[in-house]
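**Q** These protein sequences, in sequence, are chains A and B. Numbered per my numbering, the first sequence spans residues 12 to 336. Numbered per my numbering, the second sequence spans residues 12 to 336. The structure follows.
Number of protein chains: 2
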Amino acid sequence: MDYERTYARYKALVDDYLKLFCRQTKPRSLYEPLRYVVAGGGKRIRSVLVLLSCEAVGGSVQSALHAAGGIEILHNFTLVHDDIMDNARSRRGRATVHTKWDSNVAILVGDELLALAYRAVLQTQSPRIQEITKVFTQGVVEVCEGQAYDKEFETRSDVTVNDYMLMIEKKTAKMVSVSSEIGALIGEGTRASVSALRRYGGYVGRAFQIQDDLLDIVADEEKFGKAVGGDLVEGKRTFLLLEALRRAKGADKALLQAVVTNKGAPRRLIAEYRRIYYETGVIDAALRRVKQDIARAKEELNHLPPSGARATLAWFTDMLLNRTY
Amino acid sequence: MDYERTYARYKALVDDYLKLFCRQTKPRSLYEPLRYVVAGGGKRIRSVLVLLSCEAVGGSVQSALHAAGGIEILHNFTLVHDDIMDNARSRRGRATVHTKWDSNVAILVGDELLALAYRAVLQTQSPRIQEITKVFTQGVVEVCEGQAYDKEFETRSDVTVNDYMLMIEKKTAKMVSVSSEIGALIGEGTRASVSALRRYGGYVGRAFQIQDDLLDIVADEEKFGKAVGGDLVEGKRTFLLLEALRRAKGADKALLQAVVTNKGAPRRLIAEYRRIYYETGVIDAALRRVKQDIARAKEELNHLPPSGARATLAWFTDMLLNRTY
Numbered sequence: 012m013d014y015e016r017t018y019a020r021y022k023a024l025v026d027d028y029l030k031l032f033c034r035q036t037k038p039r040s041l042y043e044p045l046r047y048v049v050a051g052g053g054k055r056i057r058s059v060l061v062l063l064s065c066e067a068v069g070g071s072v073q074s075a076l077h078a079a080g081g082i083e084i085l086h087n088f089t090l091v092h093d094d095i096m097d098n099a100r101s102r103r104g105r106a107t108v109h110t111k112w113d114s115n116v117a118i119l120v121g122d123e124l125l126a127l128a129y130r131a132v133l134q135t136q137s138p139r140i141q142e143i144t145k146v147f148t149q150g151v152v153e154v155c156e157g158q159a160y161d162k163e164f165e166t167r168s169d170v171t172v173n174d175y176m177l178m179i180e181k182k183t184a185k186m187v188s189v190s191s192e193i194g195a196l197i198g199e200g201t202r203a204s205v206s207a208l209r210r211y212g213g214y215v216g217r218a219f220q221i222q223d224d225l226l227d228i229v230a231d232e233e234k235f236g237k238a239v240g241g242d243l244v245e246g247k248r249t250f251l252l253l254e255a256l257r258r259a260k261g262a263d264k265a266l267l268q269a270v271v272t273n274k275g276a277p278r279r280l281i282a283e284y285r286r287i288y289y290e291t292g293v294i295d296a297a298l299r300r301v302k303q304d305i306a307r308a309k310e311e312l313n314h315l316p317p318s319g320a321r322a323t324l325a326w327f328t329d330m331l332l333n334r335t336y
Numbered sequence: 012m013d014y015e016r017t018y019a020r021y022k023a024l025v026d027d028y029l030k031l032f033c034r035q036t037k038p039r040s041l042y043e044p045l046r047y048v049v050a051g052g053g054k055r056i057r058s059v060l061v062l063l064s065c066e067a068v069g070g071s072v073q074s075a076l077h078a079a080g081g082i083e084i085l086h087n088f089t090l091v092h093d094d095i096m097d098n099a100r101s102r103r104g105r106a107t108v109h110t111k112w113d114s115n116v117a118i119l120v121g122d123e124l125l126a127l128a129y130r131a132v133l134q135t136q137s138p139r140i141q142e143i144t145k146v147f148t149q150g151v152v153e154v155c156e157g158q159a160y161d162k163e164f165e166t167r168s169d170v171t172v173n174d175y176m177l178m179i180e181k182k183t184a185k186m187v188s189v190s191s192e193i194g195a196l197i198g199e200g201t202r203a204s205v206s207a208l209r210r211y212g213g214y215v216g217r218a219f220q221i222q223d224d225l226l227d228i229v230a231d232e233e234k235f236g237k238a239v240g241g242d243l244v245e246g247k248r249t250f251l252l253l254e255a256l257r258r259a260k261g262a263d264k265a266l267l268q269a270v271v272t273n274k275g276a277p278r279r280l281i282a283e284y285r286r287i288y289y290e291t292g293v294i295d296a297a298l299r300r301v302k303q304d305i306a307r308a309k310e311e312l313n314h315l316p317p318s319g320a321r322a323t324l325a326w327f328t329d330m331l332l333n334r335t336y
């Protein structure tokens with residue numbers, strides 16, 4: 012329970028930072044939607060990772076707060092622009108920016124968020140500031156590349172599990188890895204600790220995405236807050252779909268193929284797809300991958316000296332695995 | 012003529028840098044349009060300013076090349092996103108990204124350009140790298156704010172000349188000012204030289220934009236490469252339109268008001284608007300402003316020690332004033 016309190020406390024630090032950091036009001040057409048986005052909440056996973064990673068190598072939480080805020084603002088930038096590209100009408104139970112305002116506003120708000128993310132990171136006092144900003148920038152580059160692959164996949168019928176893994180490495184895992192790496196850099200960790208925390212974040216990020224794919228089909232619908240099977244309805248290439256396509260035969264394979272061909276599945280067939288996923292063993296395969304990545308992530312933590320922050324990171328890693336929504 | 016050769020040589024340095032810097036090819040949906048944008052040319056004014064400003068305080072051109080490239084990539088980011096928001100079908104005689112591909116591609120290409128701009132700037136070797144990147148970031152923030160004001164103005168009927176001046180300070184002048192300031196920082200200029208070059212860029216940027224407004228109505232159509240009066244046809248609030256609205260009376264005022272109300276003017280009336288602009292004296296007023304800013308810009312150069320680079324900057328400033336297209 013102590014861990015949960017620590018997490019809640021760090022999350023509150025980030026929330027407060029963001030509120031203070033995004034106070035500007037003019038031009039209204041820019042900052043009103045921007046504050047709407049930032050106030051929208053979220054689990055603040057990436058930013059808490061920055062703080063914990065900094066502490067785990069001996070740095071202070073305070074010294075990493077700017078970068079933590081920057082990482083969170085950057086994450087919001089990706090959400091705002093991705094939501095335009097994906098035609099998403101709502102996010103975290105609220106209308107998306109391009110729905111509540113319009114696409115032009117959402118483009119500009121995203122751009123401004125990206126600039127503000129840099130502004131926050133650049134407030135960091137560190138002899139390694141150039142390296143920190145470079146790592147951050149590499150994260151932005153890869154998140155764009157990941158999104159490009161994701162959109163390319165929508166028009167391709169030959170996407171493989173390997174293609175998918177490359178895409179999520181870039182679109183999801185990289186930014187998590189950047190978070191823990193930047194935290195370690197700010198805390199002036201040794202070369203070995205910085206590498207360990209970078210790899211840690213990569214494993215956690217990948218596990219997190221595959222867990223997301225899993226939850227979409229096996230989650231407790233009430234806790235999940237949205238209908239299960241959304242990925243299938245939208246025709247998204249997920250680990251489950253791609254791996255099932257590789258394994259299934261006959262009528263089942265045809266049914267899976269239809270998701271690709273028709274760019275989506277009818278909601279009434281979700282239970283049928285769930286059955287195929289279980290029968291082809293892809294639910295198990297995904298779970299095994301998640302567990303393996305979580306185990307690898309925790310092994311990386313062994314490269315760090317024992318500390319409260321390291322223990323919190325270990326707890327945090329398990330928590331991500333055990334979430335059911 | 013030596014000056015022109017220097018300019019051409021520096022422009023070529025930037026062009027070569029950009030070609031080398033943007034070589035990546037995958038994901039194709041991202042990098043193919045990105046290279047299309049960067050290869051699209053342009054006068055490279057901002058990047059040449061970075062190089063000359065660095066030299067003018069005693070630095071080497073080579074040391075400023077990364078930042079010059081970054082400034083140019085950043086400029087291209089603003090063009091790609093602005094073109095989506097403005098529904099512009101062509102730019103520099105070629106189809107815009109969102110026309111040749113689609114809006115989603117253009118959003119992502121712009122995002123990636125912004126990330127690459129930072130990547131280039133961050134290659135700079137300088138003890139002042141944090142300040143340089145902060146100045147750069149402030150430029151991005153203001154360019155977004157300027158664009159937000161510009162879009163707000165389209166739906167407002169009470170825009171004043173002062174509103175307009177604030178908008179162009181942010182949308183155009185700031186980035187020019189950032190260019191000369193960053194050059195001076197990389198060259199490790201004194202506090203006074205850095206300030207002088209920052210102000211220099213601000214004046215040049217403002218003069219450049221008002222000159223642009225002027226050229227739209229008085230340019231030599233053949234050299235200009237496009238029909239004059241485009242701003243009026245599109246209903247853009249320019250210095251000329253806003254100042255003329257303030258000065259005109261009776262039927263002329265009504266005609267100007269119609270541009271605002273109808274969000275544009277019919278092309279057959281352009282000559283009539285040109286007559287009003289001349290008769291209300293706003294053409295003269297704009298010219299006076301441009302000349303005054305150019306004079307102020309050149310005065311700022313007097314704060315620098317005499318050098319070939321300083322002389323080239325002075326020539327460059329006059330050239331911007333004297334361009335007729």
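By construction, the Cβ of each residue, glycine as well, lies at the ideal position given by its N, Cα and C atoms.
Does B/Lys158 get closer than 8 Å to chain A when you measure Cβ to Cβ?
**A** Per the sequence shown, residue 158 of chain B should be read as Gln rather than Lys. Yes, B/Gln158 lies at the interface with chain A (some Cβ there is under 8 Å from its Cβ).
**Q** To the nearest angstrom, how far is the alpha carbon of A/Lys111 from that of A/Ala99?
**A** Cα-Cα distance, rounded: 12 Å.
**Q** Just mark B/Pro317 as buried or exposed, buried being the case when its beta carbon has 16 or more other beta carbons within 10 Å.
**A** Exposed is the call here.
**Q** Taking Cβ positions, are B/Leu312 and B/Arg321 nearer each other than 8 Å?
**A** The answer is yes: Cβ separation under 8 Å.
**Q** Within 8 Å of any Cβ in chain B, is that where the Cβ of A/Glu123 sits?
**A** For A/Glu123, the answer is yes, since a Cβ of chain B falls inside 8 Å of its Cβ.
**Q** Just by C-beta distance, which residues in the stretch 140-156 of chain B are closer than 7 Å to chain A?
**A** So the list reads Ile140, Gln141, Thr144, Lys145, Thr148, Val151, Val152, Cys155, Glu156, given in the order they occur along the chain.
**Q** Is the beta carbon of B/Leu224 sitting closer than 8 Å to the one on B/Phe250?
**A** Rather than Leu, the amino acid found at residue 224 of chain B in this sequence is Asp. Going by C-beta atoms, B/Asp224 is nearer than 8 Å to B/Phe250.
**Q** I'd like to know if B/Lys111 contacts chain A, where contact means its C-beta is closer than 8 Å to some C-beta of that chain.
**A** No, its Cβ sits nowhere closer than 8 Å to a Cβ of chain A.
**Q** Please tell me whether B/Ser191 and B/Gly212 are closer than 8 Å, where the distance is taken between their beta carbons.
**A** Yes, the pair counts as a contact, with Cβ atoms nearer than the cut-off.
**Q** Looking at B/Val59 and B/Tyr18, is the spacing between their C-beta atoms short of 8 Å?
**A** Yes; because the gap between Cβ atoms is below 8 Å, this pair is in contact.
**Q** Quick one: grab the DSSP three-state call for B/Arg103.
**A** Of the three classes helix, strand and coil, the one that applies to B/Arg103 here is coil, per DSSP.
**Q** Please check if any C-beta of chain A sits within less than 8 Å of the C-beta of B/Lys162.
**A** Closer than 8 Å: yes.
**Q** Which of the three DSSP states, helix, strand or coil, is assigned to A/Pro44?
**A** Of the three classes helix, strand and coil, the one that applies to A/Pro44 here is helix, per DSSP.
**Q** To the nearest angstrom, how far is the alpha carbon of A/Asp241 from that of A/Arg278?
**A** Sequence inspection shows Gly at residue 241 of chain A; the Asp mentioned does not correspond to that position. The straight-line gap from Cα to Cα measures roughly 8 Å.
**Q** For B/Val151, which of A/Ala296, A/Glu123, A/Val61 has the nearest alpha-carbon?
**A** For the residues A/Ala296, A/Glu123, A/Val61, the minimum Cα distance to B/Val151 belongs to A/Glu123.
**Q** How would you label B/Glu310, buried or exposed, when you count the other beta carbons within 10 angstroms and need 16 or more for buried?
**A** Answer is exposed; the Cβ neighbour count stays below 16.
**Q** Can you look up A/Arg300 in the DSSP assignment and give me helix, strand or coil?
**A** Helix at A/Arg300.
**Q** Does any residue of chain A bring its CB to less than 8 Å from the CB of B/Pro317?
**A** It does not; no Cβ of chain A falls within 8 Å.
**Q** So, with DSSP's three-state summary, where would you put A/Gln134?
**A** Coil at A/Gln134, not helix or strand.
**Q** Threshold first: 3 residues or longer. Then list the beta strand (DSSP E) segments lying entirely within the stretch 171-245 of chain A, N to C.
**A** List check, beta strand (DSSP E) in window: nothing returned.
**Q** So with Cβ pairs under 8 Å, would you call B/Ser40 a contact of chain A?
**A** True, the Cβ-Cβ gap to chain A drops below 8 Å.
**Q** Measure from the alpha carbon of A/Ile281 to the alpha carbon of each residue in A/Ala296, A/Leu298, A/Asp263, then state which is nearest.
**A** Of the listed residues, the one whose Cα sits closest to A/Ile281 is A/Asp263.
**Q** What are the boundary residues of the alpha helix (DSSP H) that includes B/Asp94?
**A** Start and end: 76-96.
**Q** Can you tell me whether B/Asn273 is buried or exposed? The criterion is at least 16 other CB atoms within 10 Å of its CB, across all chains shown.
**A** With fewer than 16 Cβ atoms within 10 Å of its Cβ, B/Asn273 is classed as exposed.
**Q** So B/Arg55 and B/Met186 are in contact, right, with Cβ under 8 Å, and what is the actual spacing, rounded?
**A** Contact doesn't hold; Cβ gap of about 13 Å is too wide.
**Q** Are the stretch 72-89 of chain A and the stretch 20-37 of chain A touching by the rule of at least three beta carbon pairs closer than 8 Å?
**A** Enough Cβ pairs lie closer than 8 Å, so yes.
**Q** I'd like to know if the stretch 251-260 of chain A and the stretch 288-307 of chain A are in contact, where contact means that at least 3 CB-CB pairs between them fall below 8 Å.
**A** The stretch 251-260 of chain A, when compared against the stretch 288-307 of chain A, does touch it at the 8 Å Cβ threshold.
**Q** What residues of chain A sit near B/Leu133, judged by a beta carbon separation below 8 Å?
**A** In chain order: Gln141, Thr144, Lys145, Thr148.
**Q** Listing by chain order, which chain A residues have their CB less than 7 Å from the CB of B/Ile118?
**A** Under the 7 Å cutoff, chain A gives His92, Ile95, Met96, Ile118.
**Q** Is it true that the CB of B/Ile193 sits closer than 8 Å to the CB of B/Val61?
**A** Cβ distance < 8 Å, so B/Val61 and B/Ile193 count as in contact.
**Q** Around the C-beta of B/Gln73, are 16 or more other C-beta atoms found within 10 angstroms, so that it is buried, or is it exposed?
**A** It counts as exposed.
**Q** Buried or exposed: which applies to A/Arg209, given that a residue is buried once 16 or more other Cβ atoms fall within 10 Å of its Cβ?
**A** Buried.
**Q** For A/Arg130 and chain B, any beta-carbon pair shorter than 8 Å?
**A** Closer than 8 Å to some Cβ of chain B, the Cβ of A/Arg130 qualifies, so yes.
**Q** Taking the straight line between their C-alpha atoms, what separation do you get for B/Asp97 and A/Ala297?
**A** Looking at the two C-alpha atoms, the distance is approximately 45 Å.
**Q** Do B/Arg105 and B/Leu90 have their beta-carbon atoms positioned less than 8 Å apart in this structure?
**A** No, they are not a contact pair.
**Q** Is the distance from the Cβ of B/Leu45 to the Cβ of B/Val120 below 8 Å?
**A** A contact, by the Cβ cut-off of 8 Å.
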